[in-house]
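This report concerns only the one structure given below.
2 protein chains.
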Amino acid sequence: MRIALAQLNFHIGNFHSNREKIIAHIERAKQEGAQLIVFPELSVCGYHPCDLLEREEFIEWTYESIEIIEKACKGIAAIVGTPTINESQKGKKLHNSALFINNGKVQHLVHKTLLPTYDIFDEYRHFEPNTDFNIVEFMGRKLAITICEDLWDNQPTNNSFGRNKLYGKSPLKELSKLNPDLVINIAASPFSSDQEKKRKDVLTMKATEYKIPLLYVNQVGAQTELIFDGGSMFINSKGEVVQELACFEEDFRIIDLDAPREKCIQPAVSRIEKIHHALILGIRDYFTKSGFSKATLGLSGGIDSAVVAALAARALGPENVRVLLMPSKYSSGHSIADAEKLAVNLGIQYELIEIQPMVDAFEKGLEKSFSGLEPNVTEENIQARTRGILVMAISNKFGNILLNTSNKSECAVGYGTLYGDMNGGLSVLGDVYKTDVYQLARFINSEQEIIPENTIVKPPSAELKPGQKDTDSLPDYETLDQILFRYIELNQSPNEIIAQGFDKEVVKRTARMVNNNEYKRYQAPPILRVSPKAFGFGRRMPLVARYEG
Amino acid sequence: MRIALAQLNFHIGNFHSNREKIIAHIERAKQEGAQLIVFPELSVCGYHPCDLLEREEFIEWTYESIEIIEKACKGIAAIVGTPTINESQKGKKLHNSALFINNGKVQHLVHKTLLPTYDIFDEYRHFEPNTDFNIVEFMGRKLAITICEDLWDNQPTNNSFGRNKLYGKSPLKELSKLNPDLVINIAASPFSSDQEKKRKDVLTMKATEYKIPLLYVNQVGAQTELIFDGGSMFINSKGEVVQELACFEEDFRIIDLDAPREKCIQPAVSRIEKIHHALILGIRDYFTKSGFSKATLGLSGGIDSAVVAALAARALGPENVRVLLMPSKYSSGHSIADAEKLAVNLGIQYELIEIQPMVDAFEKGLEKSFSGLEPNVTEENIQARTRGILVMAISNKFGNILLNTSNKSECAVGYGTLYGDMNGGLSVLGDVYKTDVYQLARFINSEQEIIPENTIVKPPSAELKPGQKDTDSLPDYETLDQILFRYIELNQSPNEIIAQGFDKEVVKRTARMVNNNEYKRYQAPPILRVSPKAFGFGRRMPLVARYEG
Numbered sequence: 000m001r002i003a004l005a006q007l008n009f010h011i012g013n014f015h016s017n018r019e020k021i022i023a024h025i026e027r028a029k030q031e032g033a034q035l036i037v038f039p040e041l042s043v044c045g046y047h048p049c050d051l052l053e054r055e056e057f058i059e060w061t062y063e064s065i066e067i068i069e070k071a072c073k074g075i076a077a078i079v080g081t082p083t084i085n086e087s088q089k090g091k092k093l094h095n096s097a098l099f100i101n102n103g104k105v106q107h108l109v110h111k112t113l114l115p116t117y118d119i120f121d122e123y124r125h126f127e128p129n130t131d132f133n134i135v136e137f138m139g140r141k142l143a144i145t146i147c148e149d150l151w152d153n154q155p156t157n158n159s160f161g162r163n164k165l166y167g168k169s170p171l172k173e174l175s176k177l178n179p180d181l182v183i184n185i186a187a188s189p190f191s192s193d194q195e196k197k198r199k200d201v202l203t204m205k206a207t208e209y210k211i212p213l214l215y216v217n218q219v220g221a222q223t224e225l226i227f228d229g230g231s232m233f234i235n236s237k238g239e240v241v242q243e244l245a246c247f248e249e250d251f252r253i254i255d256l257d258a259p260r261e262k263c264i265q266p267a268v269s270r271i272e273k274i275h276h277a278l279i280l281g282i283r284d285y286f287t288k289s290g291f292s293k294a295t296l297g298l299s300g301g302i303d304s305a306v307v308a309a310l311a312a313r314a315l316g317p318e319n320v321r322v323l324l325m326p327s328k329y330s331s332g333h334s335i336a337d338a339e340k341l342a343v344n345l346g347i348q349y350e351l352i353e354i355q356p357m358v359d360a361f362e363k364g365l366e367k368s369f370s371g372l373e374p375n376v377t378e379e380n381i382q383a384r385t386r387g388i389l390v391m392a393i394s395n396k397f398g399n400i401l402l403n404t405s406n407k408s409e410c411a412v413g414y415g416t417l418y419g420d421m422n423g424g425l426s427v428l429g430d431v432y433k434t435d436v437y438q439l440a441r442f443i444n445s446e447q448e449i450i451p452e453n454t455i456v457k458p459p460s461a462e463l464k465p466g467q468k469d470t471d472s473l474p475d476y477e478t479l480d481q482i483l484f485r486y487i488e489l490n491q492s493p494n495e496i497i498a499q500g501f502d503k504e505v506v507k508r509t510a511r512m513v514n515n516n517e518y519k520r521y522q523a524p525p526i527l528r529v530s531p532k533a534f535g536f537g538r539r540m541p542l543v544a545r546y547e548g
Numbered sequence: 000m001r002i003a004l005a006q007l008n009f010h011i012g013n014f015h016s017n018r019e020k021i022i023a024h025i026e027r028a029k030q031e032g033a034q035l036i037v038f039p040e041l042s043v044c045g046y047h048p049c050d051l052l053e054r055e056e057f058i059e060w061t062y063e064s065i066e067i068i069e070k071a072c073k074g075i076a077a078i079v080g081t082p083t084i085n086e087s088q089k090g091k092k093l094h095n096s097a098l099f100i101n102n103g104k105v106q107h108l109v110h111k112t113l114l115p116t117y118d119i120f121d122e123y124r125h126f127e128p129n130t131d132f133n134i135v136e137f138m139g140r141k142l143a144i145t146i147c148e149d150l151w152d153n154q155p156t157n158n159s160f161g162r163n164k165l166y167g168k169s170p171l172k173e174l175s176k177l178n179p180d181l182v183i184n185i186a187a188s189p190f191s192s193d194q195e196k197k198r199k200d201v202l203t204m205k206a207t208e209y210k211i212p213l214l215y216v217n218q219v220g221a222q223t224e225l226i227f228d229g230g231s232m233f234i235n236s237k238g239e240v241v242q243e244l245a246c247f248e249e250d251f252r253i254i255d256l257d258a259p260r261e262k263c264i265q266p267a268v269s270r271i272e273k274i275h276h277a278l279i280l281g282i283r284d285y286f287t288k289s290g291f292s293k294a295t296l297g298l299s300g301g302i303d304s305a306v307v308a309a310l311a312a313r314a315l316g317p318e319n320v321r322v323l324l325m326p327s328k329y330s331s332g333h334s335i336a337d338a339e340k341l342a343v344n345l346g347i348q349y350e351l352i353e354i355q356p357m358v359d360a361f362e363k364g365l366e367k368s369f370s371g372l373e374p375n376v377t378e379e380n381i382q383a384r385t386r387g388i389l390v391m392a393i394s395n396k397f398g399n400i401l402l403n404t405s406n407k408s409e410c411a412v413g414y415g416t417l418y419g420d421m422n423g424g425l426s427v428l429g430d431v432y433k434t435d436v437y438q439l440a441r442f443i444n445s446e447q448e449i450i451p452e453n454t455i456v457k458p459p460s461a462e463l464k465p466g467q468k469d470t471d472s473l474p475d476y477e478t479l480d481q482i483l484f485r486y487i488e489l490n491q492s493p494n495e496i497i498a499q500g501f502d503k504e505v506v507k508r509t510a511r512m513v514n515n516n517e518y519k520r521y522q523a524p525p526i527l528r529v530s531p532k533a534f535g536f537g538r539r540m541p542l543v544a545r546y547e548g
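If you read the protein sequences in the order shown, they are chains X and H. The opening position of the first sequence corresponds to residue 0 in numbering that gives the first Met the number 0, with each subsequent residue numbered one higher. The opening position of the second sequence corresponds to residue 0 in numbering that gives the first Met the number 0, with each subsequent residue numbered one higher.
Dropping the structure here:
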């Protein structure tokens, strides 16, 4: 039996384009002699439509799409992910389903059993879990069809304490009682820098444990914050990955179960390279799927904006990136020179606008109100916000989406100005710690110097007052990032972190800064997620809480 | 048996103040001769701590608080809401529990069975549901202890289509098999303008159906967006509300089951009056719980900022409200006069800063970049953003939290400037449609003219270009609000709305505006929730979706 794996990039709610893509690949699979084609989870509508699932017309459109796709399934069978209506009188109105379509008709419905409801996942908000396990027979083979999380029954709860299993049920254990010949898993499993390894471990362990070959088809493409990396694969019954599709791009491959081809897997890629590719896909899809092509941002001469500009130029083409250099009286000479050099290296359009006249106008306007008071962070924020207005003016006038350049370390401790440098339609680096931003810069420069060396080696500074350095207000980034990683990704308590040898006062101050800045992050742009715990939808903290014993 | 109802306002994560409050009320109840005191859901930590529940130290602090509270429970029993650790090896790590404490020890644990996971609720994210039903015997009476949603088993799913029941299980049906004498429900049930009636219907129906008296203790106080309105009550076995506690404030009452007092219920209050009280509580608690006392905002002379200023003055005291009047060359004379008159009526501090010099500085700075292009919405946004910088400067310099003044109609259609008039720490009217803002103004003026009549009767305008009126870009608010209500609150499709007689083009354009502005709302401040479907956490829409068939 020849099975086609269709690793595709879908657009949420764009039923027309999604089904055209599905049908085109059904045709291609037929031409290439496949008997079955497998599409990812929720292909018909894109993953994840969130509360659009609560709208009746949205669900009607999914059914209309399925009717059209059914007609294309003649001479070939297809497994397609879509929401379906829960026909029982109790529970959530929908299932997250895989349809087995053959001879122009849906012949089997399989519903997802394990509904991830943690971190970025909210599936129990909309879906009723499956409780009933069946095998699909096709061409003399018994197929165990599962959906994404269904194979992740062994994972622990996501609390920092205790280690009990999150789920009390194993779909594959149930299905294995029916002696399947092949496990199929359709997925929409988002990228994070450690996810590829985790995913392979889970899938190969399942194949090994049950001694059954396993075919995995993942979605690819970014949906705002979430970046789906693809990496679909075929694992043999010994638990070896023998076929692996591309990461971060659409791919298509036919697996012949009866005549296995040579092993064909993807080359190993470093963590930073993966993050680099993920961010480029994230930027590109955000623009494409929202109907925009051009970006803008402010280039400060610092490393964050340099890395964002380089990534944007790669994602959108240099001709689609237009930047502003906005020096103030506190900007050092090298800042402008470094920013200009970068713009020239990238071949992007740049303009220079001095902010001092606007800053002066604000300070004059506020003179009476502020009389007798010393300048403080207020005046620093006015500079950052003046720049925020200027880049938004470029955005509004020319239709360029503003890219935000804040990194994860800054977002964590609130080192940024709301309505100033925190502006933007999309945060590119909001899930990348400062120390990783440096590594990204080195990776971008690996073939030739694109980001000026001076931008990489000079001490980071917001340049909002004379001689200012980030280390005036923050611990050095090497230390800060290690503390933040333990506090945010690992959910360790300040005391646990201190016990590992970090300075007590620095740890307590860092935790306090993280907690006191929830209100700023609440209004931050969506952040491209590349870590297992990004700020945004997957980390939900109360805003007015007091965090203390 | 005398039972005390302790309807209290808790602070999320402030274990010290929460348990001091709990213990003080245990003492009071003892003094007043009660044998049992009942506190709301998750009293120990406040509802809802969100992902703080994933931190080990946070859970340790809840256990520490319980140990201290246990010691106070001598000579009196208490029912206290708190998270507890799921001791089984499977499922979510926590339960949402009610502890029955007597003789200085926790004697019974009751876990919540129905975990709301829709709209603003995410309880299945953290809690494992109960599956085991038991009665607590105390002083010869059998108590059926339930937690909030446990009595809401009859509700439909929240989809706009189909009408199946959300839950397949009825905790009270299970408990009724054990012949309880009294149902106790501890709750954290947030306000919306129709919630009080819904809640009474649900609770009185349960008492009637099972012919058992029912005692309901709800949390009061605001937790950022969510406003808990209290309204705790005692319902007799005929299903009559015989005792009802205050709404929107802490309250305490003792019910004698053996010697029922005269009926004592709250006076009926209009929908607008409830919203008014809710917003005041929402503002006050946001400030108190985040450690701030002073507010700022821009007064335009229009109705939205007038209503917000009046509410803020009532919530925080006029001495704590400091406003800016920021006219431009497009401001009409009456705008300044109306704003000044309001400030004087309220007795709040006001300053006037002309924005033209800053706007001119921006336009000059952008002259080269914009050369040859006509002014458009870009220049309007520059005005709004200049005002946004000025009020934020007051906020930063004096520690006054900026109150946002956008109403729900504007938020819905994106009629507002991101980083301009959409700025603020808290959105006061983001869940109040424009037509209701007028009603709020009339209510505020019901005893004397506080908001100048001219502010209420003049046609609404953003005053960002000569002679501009809201109706240049939007349908009239009477029509717009009716369409928005059907689209957002009722989840009706454009076609269903058109079928009710609304103009086809207007409906389609409105739906398009709502969908195209998700990206703006993503960065909006938290919105005080007063309707059953507010923008924010309870309405989760993809940002880059295409919404079409």
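Each residue gets a CB set at the ideal place from its N, CA and C atoms; glycine is no exception. In this text the structure is predicted, and so the values were computed from the model without any measurement.
Assigned exposure category for residue i - 16 Cβ within 10 Å defines buried
i	result
residue 62 of chain X	exposed
residue 549 of chain H	Outside the shown range of chain H, which is 0 to 548, sits residue 549 of chain H, and nothing can be said about it.
residue 406 of chain X	buried
residue 146 of chain H	buried
residue 34 of chain X	buried
residue 264 of chain H	exposed
C-beta atoms of residue i and residue j nearer than 8 Å
i	j	result
residue 91 of chain H	residue 156 of chain X	yes
residue 415 of chain H	residue 401 of chain H	no
residue 123 of chain H	residue 116 of chain X	yes
residue 330 of chain X	residue 452 of chain X	no
Min CB distance residue i to chain X below 8 Å
i	result
residue 129 of chain H	no
residue 49 of chain H	yes
residue 172 of chain H	no
Closer than 8 Å to chain H by CB, residue i
i	result
residue 102 of chain X	no
residue 188 of chain X	no
residue 276 of chain X	no
residue 396 of chain X	yes
Own chain residues within Cβ distance below 8 Å of residue i, not counting five before or after
i	result
residue 297 of chain H	304, 322, 323, 324, 325, 386, 389, 390, 404 and 420
residue 272 of chain X	442
Distance between residue j and residue i (C-alpha atoms, nearest Å)
i	j	result
residue 99 of chain H	residue 144 of chain H	9 Å
residue 221 of chain H	residue 175 of chain X	51 Å
residue 524 of chain H	residue 429 of chain H	9 Å
residue 438 of chain H	residue 335 of chain X	54 Å
residue 412 of chain X	residue 511 of chain X	8 Å
residue 548 of chain X	residue 66 of chain H	Residue confidence for residue 548 of chain X is low, a pLDDT of 41 falling below 50, so the modelled location carries little weight; the figure read from the coordinates is stated next. The straight-line gap from Cα to Cα measures roughly 13 Å.
residue 359 of chain X	residue 352 of chain H	14 Å
Close-in-space but distant-in-sequence residues of the same chain around residue i (CB under 6 Å, 5 per side omitted)
i	result
residue 106 of chain H	99
residue 238 of chain H	203, 206 and 207
Close Cβ partners of residue i (< 7 Å) along its chain, the five nearest in sequence each way excluded
i	result
residue 49 of chain X	none
residue 178 of chain H	141
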